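> In our numbering, the protein residues as written are -16 to 422. Take this structure, written in structure tokens, and hold onto it; I'll ask about it next.
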């Protein structure tokens, strides 16, 4: 190591001692940081891992940086020892000593072999220089830069390795439990979509873990605007997507399990609903015959037969339950429950439509008797004209077949006659009116 002339004014003894104290503190801090980097768990993992992709490329460059960093540190430590040796020659240094110390502490007195102009490794920046000269301050700045780059890469890889593989392993364990559960209820690949999903998730997680282990930096998302080493976070989009997919499959498997637990009760309810629909349709068919026999000039809608397709599906559901094919039973039960309720509603609507003429006749009968009771209550029960009108309407309503249109007119005539009988009497010239002609 050669020493050039002093750069600028010659330092005095106090300036030299303060500079040496500051450089000693920097030396201790740099050494501590380098040893911590050397012992960093992420660095040890990077050294022992089979790396691929961007991590392999960056680690090769980082190893060269670290090698260069130690070379710079050794040169820095050597220059500092030389400065201490000169300072310790005598208690009160001579002017020659101070000139030499000024050159060592402030001049570009540190020569490093095999570096590069940028402070990075030759492989990163192109052809290497045979030697480089630095001031101690420049060398500290260069070491800080190399250290920050190296630590950033090591911390990023370690953060990904600390976060993702463990989470993937936990998800894989949950996947294994879900696969066992799925197998127990007959959800298998090629037979049920959920089984195919489980196979796909298994393949994806296996490949994901292999890539995370070999290329962790492919899963590192640097924070915008952050200059601190390791500023960022692992991005987990692929993991999160598979976790959501597994949760959906798990819910589907739980639905199948629920079917297994209450399949008999649901099948019983289905049988009951379809039986009620059958009875309602039978009642509608019987009522249709009665309407056709008792009501004239009325169109009565046809009544369909029993839902044989639903009965066949119900029998298939019972077979699925019998042989434990829960993955097939689950969607069939859901479909059958909806269709059975629709069938019962259709049967009730059919019965209502068929019996509508009987309901009209019953309403007319009730209206006729209600007016008769009102007339009797008000003292007109013996009115021959009202009796005649009542008997005419009653014969039409209680005869078969009943013409509802004609019967309704007869009831209206009786209502009108009753209303007239109950209206207050107004004296009129010309004598009483003969109501028999109205008929």
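Glycine included, every Cβ here is placed at the ideal spot set by N, Cα and C. Note that the structure is predicted; figures quoted are calculated from it, not measured.
Say whether chain D places a C-beta atom closer than 8 Å to the C-beta of residue 158.
Of the chains in the structure shown, none is chain D; there is only one protein chain.
> For the alpha helix (DSSP H) containing residue 244, name the first residue and the last one.
Looking up residue 244 in the chain shown gives position 261. Its alpha helix (DSSP H) spans residues 220 to 277.
> Pick helix, strand or coil for residue 50, following the three-state DSSP scheme.
Reading the chain shown from its first residue, position 67 is the one you call residue 50. DSSP places residue 50 in helix when its eight states are reduced to three.
> What ranges does the beta strand (DSSP E) occupy inside the segment 77 to 161, keeping only unbroken runs of at least 3 residues that lie completely in it?
Entirely contained in the segment 77 to 161, the beta strand (DSSP E) runs reaching 3 residues are, in chain order, 93 to 96, 114 to 117.
> For residue 282, count neighbouring C-beta atoms within 10 Å of its own C-beta (all shown protein chains included) and say buried if the count is 16 or more, exposed if not.
Your numbering for residue 282 matches position 299 in the chain shown. It counts as exposed.
> Going by beta-carbon coordinates alone, are residue 122 and residue 55 separated by less than 8 Å?
In the chain shown, counting from the first residue as 1, residue 122 sits at position 139. In the chain shown, counting from the first residue as 1, residue 55 sits at position 72. Yes, Cβ-Cβ distance for residue 122 and residue 55 is below 8 Å.
> Taking the straight line between their C-alpha atoms, what separation do you get for residue 0 and residue 61?
Within the chain shown, residue 0 is the residue found at index 17, counting from 1. Within the chain shown, residue 61 is the residue found at index 78, counting from 1. One C-alpha to the other measures close to 17 Å.
> Closest to residue 215 by C-alpha separation, out of 232, 225, 136, 203, would be which residue?
Here residue 215 refers to the residue found at position 232 of the chain shown. The shortest C-alpha separation from residue 215 is found at 203.
> Would you tell me roughly how many angstroms separate the C-alpha atoms of residue 165 and residue 295, rounded to the nearest one?
Sequence index remark: in the chain shown, residue 165 carries index 182 (1-based). Sequence index remark: in the chain shown, residue 295 carries index 312 (1-based). Roughly 27 Å between the two C-alpha positions.
> Is residue 392 helix, strand or coil when you go by DSSP?
The count along the chain shown starts at 1 and reaches residue 392 at position 409. Here residue 392 sits in helix by DSSP.
> Can you list, in chain order, the residues of its chain with a C-beta nearer than 6 Å to that of residue 35? Leave out the 5 residues immediately preceding and following it.
By one-based count along the chain shown, residue 35 stands at place 52. Taken in chain order, the residues that qualify are 197, 198.
> Cα separation between residue 21 and residue 27?
If you number the chain shown from 1, residue 21 lands on position 38. If you number the chain shown from 1, residue 27 lands on position 44. Each residue's alpha carbon lies about 8 Å from the other.
> In the segment 3 to 37, which residue ranges form an unbroken alpha helix (DSSP H) of at least 4 residues, counting only runs that do not cross its ends?
Here the runs fully enclosed are 24 to 31.
> Go ahead and label residue 306 buried or exposed: buried means 16 or more other beta carbons lie within 10 angstroms of its beta carbon, across all protein chains shown.
As a working note, residue 306 is residue 323 in the chain shown. With fewer than 16 other Cβ atoms within 10 Å, it is exposed.
> Could you give the distance in angstroms between the alpha-carbon of residue 106 and the alpha-carbon of residue 68?
The residue given as residue 106 occupies position 123 in the chain shown. The residue given as residue 68 occupies position 85 in the chain shown. Confidence at residue 106 is low in this model, with a pLDDT of 43, below 50, so the placement of that residue is unreliable and no value is reported for it.
> Looking at the secondary structure, which residues open and close the alpha helix (DSSP H) in which residue 192 lies?
The residue you call residue 192 lines up with position 209 of the chain shown. From DSSP, the alpha helix (DSSP H) with residue 192 extends over 176 to 197.
> Could you tell me the alpha carbon to alpha carbon distance between residue 311 and residue 299, rounded to whole angstroms?
In the chain shown, the residue the question calls residue 311 occupies position 328. In the chain shown, the residue the question calls residue 299 occupies position 316. Rounded to the nearest angstrom, the two C-alpha atoms are 10 Å apart.
> Classify residue 215 as helix, strand or coil using the three-state DSSP reduction.
Residue 215 sits at position 232 when you count from the first residue of the chain shown. Strand.
> Using the Cα positions of residue -4 and residue 125, report the straight-line distance between them to the nearest angstrom.
The residue given as residue -4 occupies position 13 in the chain shown. The residue given as residue 125 occupies position 142 in the chain shown. Distance between the alpha carbons of residue -4 and residue 125: 28 Å.
> Pick helix, strand or coil for residue 203, following the three-state DSSP scheme.
Against the chain shown, residue 203 aligns to sequence position 220. If DSSP states are grouped into helix, strand and coil, residue 203 belongs with the strands.
> Mind checking which residues open and close the alpha helix (DSSP H) that includes residue 368?
As a first step, residue 368 must be located in the chain shown, where it is residue number 385. Residues 367 to 380.
> Shortest alpha-carbon distance to residue 148 belongs to which of 63, 173, 331, 194?
On the chain shown, residue 148 is found 165 positions in, with the first residue counted as 1. The residue with the shortest Cα to Cα distance from residue 148 is 194.
> If you follow the alpha helix (DSSP H) that residue 339 is in, where does it begin and where does it stop?
Translated into positions along the chain shown, residue 339 becomes position 356. Where residue 339 is concerned, the enclosing alpha helix (DSSP H) stretches over 339 to 360.
> Return the first residue and the last residue of the alpha helix (DSSP H) that residue 301 is part of.
On the chain shown, position 318 is the one that residue 301 refers to. Segment 291 to 305, the alpha helix (DSSP H) holding residue 301.
> Excluding five sequence neighbours on each side, which residues of the same chain lie with their C-beta closer than 7 Å to the C-beta of residue 394?
For this step, residue 394 is matched to residue 411 along the chain shown. Here the set comprises 347, 350, 351, 376.
> Round the Cβ separation of residue 25 and residue 137 to the nearest angstrom and send it over; I've been treating them as touching at under 8 Å.
As a working note, residue 25 is residue 42 in the chain shown. As a working note, residue 137 is residue 154 in the chain shown. Indeed they touch by this definition, with Cβ atoms about 4 Å apart.
> Less than 8 Å between C-beta atoms, sequence neighbours within five positions excluded: which residues of the same chain meet that for residue 250?
Counting from 1 along the chain shown, the entry for residue 250 is found at position 267. Excluding residues within five positions, the ones whose Cβ falls inside 8 Å are 297, 300, 301, 304, 316.
> Drop a sphere of 10 angstroms on the beta-carbon of residue 37, count the other beta-carbons inside from all chains shown, and report buried for 16 or more, exposed for fewer.
Along the chain shown, one-based indexing puts residue 37 at 54. Exposed.
> Is it buried or exposed, residue 326, if we count other Cβ atoms within 10 angstroms and call 16 or more buried?
As a working mapping, residue 326 is identified with position 343 in the chain shown. Answer is buried; the Cβ neighbour count reaches 16.
> State yes or no: is the C-beta of residue 343 within less than 8 Å of the C-beta of residue 270?
One-based indexing of the chain shown puts residue 343 at position 360. One-based indexing of the chain shown puts residue 270 at position 287. Against a cut-off of 8 Å, the Cβ pair of residue 270 and residue 343 comes out as no contact.
> Using a Cβ distance threshold of 8 Å, determine whether the segment 227 to 246 contacts the segment 176 to 185, with at least three qualifying pairs required.
Yes: at least three Cβ pairs fall under 8 Å.
> Checking 8 Å against the spacing of the C-beta atoms, do residue 253 and residue 289 come in under that value?
By one-based count along the chain shown, residue 253 stands at place 270. By one-based count along the chain shown, residue 289 stands at place 306. No, Cβ-Cβ distance for residue 253 and residue 289 is not below 8 Å.
> Skipping 5 residues on each side, what residues in its chain have a beta carbon closer than 7 Å to that of residue 355?
Looking up residue 355 in the chain shown gives position 372. Taken in chain order, the residues that qualify are 373.
> How should residue 134 be labelled, buried or exposed, when 16 other C-beta atoms within 10 angstroms of its C-beta is the threshold for buried?
Along the chain shown, one-based indexing puts residue 134 at 151. The residue is buried, with at least 16 neighbouring Cβ atoms inside 10 Å.
> Spatial neighbours of residue 103 within its chain, please: CB distance less than 6 Å, with the 5 preceding and 5 following residues excluded, ordered by chain position.
Along the chain shown, one-based indexing puts residue 103 at 120. For residue 103, the predicted model reports a pLDDT of 47, less than 50, meaning its position is unreliable; a value from the coordinates is still stated below. Closer than 6 Å at Cβ, skipping near neighbours: no residue.
> Spatial neighbours of residue 266 within its chain, please: CB distance less than 7 Å, with the 5 preceding and 5 following residues excluded, ordered by chain position.
Here the question's residue 266 lines up with position 283 in the chain shown. Result list for residue 266: 334, in chain order.
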